[in-house]
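Engineer: Going by my numbering, the sequence shown opens with residue 76, and the numbers climb by one from there.
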Amino acid sequence: MPFRTLFHGDTASSTTAGLFLIRTEDEWVREWEAWMRARRPTPAVPAVDWEAELVVVLTVGTRPASGYQVTIEQLAVRDHQLHVSAWEDRNGGAALDVITHPVHAVAMPLHDLGDDLYLVQRITTSKDD
Numbered sequence: 076m077p078f079r080t081l082f083h084g085d086t087a088s089s090t091t092a093g094l095f096l097i098r099t100e101d102e103w104v105r106e107w108e109a110w111m112r113a114r115r116p117t118p119a120v121p122a123v124d125w126e127a128e129l130v131v132v133l134t135v136g137t138r139p140a141s142g143y144q145v146t147i148e149q150l151a152v153r154d155h156q157l158h159v160s161a162w163e164d165r166n167g168g169a170a171l172d173v174i175t176h177p178v179h180a181v182a183m184p185l186h187d188l189g190d191d192l193y194l195v196q197r198i199t200t201s202k203d204d
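(1) Using only the alpha-carbon positions, how far apart do Asp85 and Ala109 sit?
(2) Of the residues Arg138, Val145 and Phe78, which one's Cα is nearest the Cα of Val173?
(3) Apart from the five residues just before and just after Ile97, which ones in its own chain have a Cβ nearer than 7 Å to its Cβ?
(4) If you draw a straight line from the alpha carbon of Ile147 to that of Ser160, how long is it in whole angstroms?
(5) On the criterion of 16 or more Cβ atoms from any shown chain inside 10 Å, does Ala113 qualify as buried, or is it exposed?
(6) Just to confirm, are Leu192 and Leu94 a CB contact at a threshold of 9 Å?
(7) With a floor of 3 residues, list each beta strand (DSSP E) that falls wholly inside the stretch 125-195, ordered by position along the chain.
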């Protein structure tokens, strides 16, 4: 299923690890403002066509250093359930000693989805050469 990235990186605030659906503009704006609260100037909220799209957010929670990332690779809808394939890259080499909160948020075509979400997450560790 096609999707487009709205945000891929670290947020400024702690995030609860999980896979989430955002179905309204109000929810999206609240989430975005929480993520960007320490950035100046605050980036504009990425546009979503709420008549035709919804937002999928994958967060892995707090990580102890730089170099961590999470990426949504594939989305599929089966029997009104969203199935997400994702990849988390964990830093196994040199890193900055800074707390990070990796997130990937994507917009996908609007579907009649239930509340059950399924995640298959592949984890790799990057090492410096």
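Note that the Cβ used here is the ideal one computed from N, Cα and C, for glycine as well.
Structural biologist: So, from the data block:
(1) Looking at the backbone, the Cα of Asp85 and that of Ala109 are separated by about 12 Å.
(2) Here the closest residue by C-alpha is Arg138.
(3) Excluding positions up to five away in sequence, the list reads Trp103, Glu106, Leu129, Val130 and Val132.
(4) In this structure, the alpha-carbon of Ile147 lies about 6 Å from that of Ser160.
(5) With fewer than 16 other Cβ atoms from the protein chains shown falling within 10 Å of its own Cβ, Ala113 counts as exposed.
(6) Against a cut-off of 9 Å, the Cβ pair of Leu94 and Leu192 comes out as a contact.
(7) Runs found: 128-134, 144-153, 156-166 and 177-184.
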